[in-house]
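Each remark here refers to the structure printed beneath this line.
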Amino acid sequence: MNPATADVEGLRQLADRGEWRKAAEYGRRLLEEDGLNAEVYFYRALVFEKLGIAGEPQRSLRRALYLDRNFALAHYQLGVALKRSGQIGAAARAFGNVLKVLAGLPGLAIVTAGPGVTVGGLMELARMQLGTGSGS
């Protein structure tokens with residue numbers, strides 16, 4: 005990927021191919037160009053998670069959510085990261101935020117930064133994480 009044509013889609017493609025180090029560098033360049041892009045922070049969090057860089061996934065997800073508090077997939081991933089680190093109460097709040105952000109949206113709508121992830125599907129995942137199942 006050429007830095008002159010850097011975009012979020014290029015970052016996503018590198019991550020999808022498992023080119024984690026290239027994706028980390030690519031994301032860094034994207035943030036130099038536009039440090040206010042919540043999706044770049046989101047994808048960087050996923051890359052940092054794969055690279056095993058402690059603390060960075062949560063930091064990047066929190067930055068994404070600071071920029072876009074309605075970023076449901078970032079709330080979900082933050083919940084997963086918090087749960088993994090034993091912060092169960094904070095994780096539950098993050099999963100609850102997914103449900104709040106998506107409430108009232110059409111179930112088949114696609115969520116931001118989630119190619120193929122629907123509102124209904126993400127809500128169901130959040131409910132499963134909360135242990136409330138469907139219909140809650």
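Residue numbers for the sequence shown follow our numbering, so the first one is 5 and each next one is one higher.
Even glycine gets a Cβ: it sits at the ideal position worked out from N, Cα and C.
Go through its chain and collect everything with a Cβ distance to E60's Cβ below 6 Å, but skip five positions before and after it. F52
Determine the burial state of L74: buried for a count of at least 16 other Cβ atoms within 10 Å of its Cβ, exposed for fewer. Here residue 74 is Asn; the residue named in the question, Leu, does not match the sequence. Looking at its Cβ environment, which holds fewer than 16 other Cβ atoms inside 10 Å, N74 is exposed.
Work out the CA separation of L65 and F46 for me, nearest whole Å. 6 Å
Straight-line CA distance for V84 to G135? 13 Å
Have a look at A58, Y80, I57 and flag the residue whose alpha-carbon is nearest the alpha-carbon of A68. Y80
What's the C-alpha gap between D72 and V44? 12 Å
Under 9 Å between the Cβ atoms of A76 and V115? yes
Spatially closest choice to K54 from L86, K87, A19, by CA coordinates: A19
DSSP has I92 in a bridge; who is on the other side? Its beta-bridge partners do not exist; DSSP assigns none.
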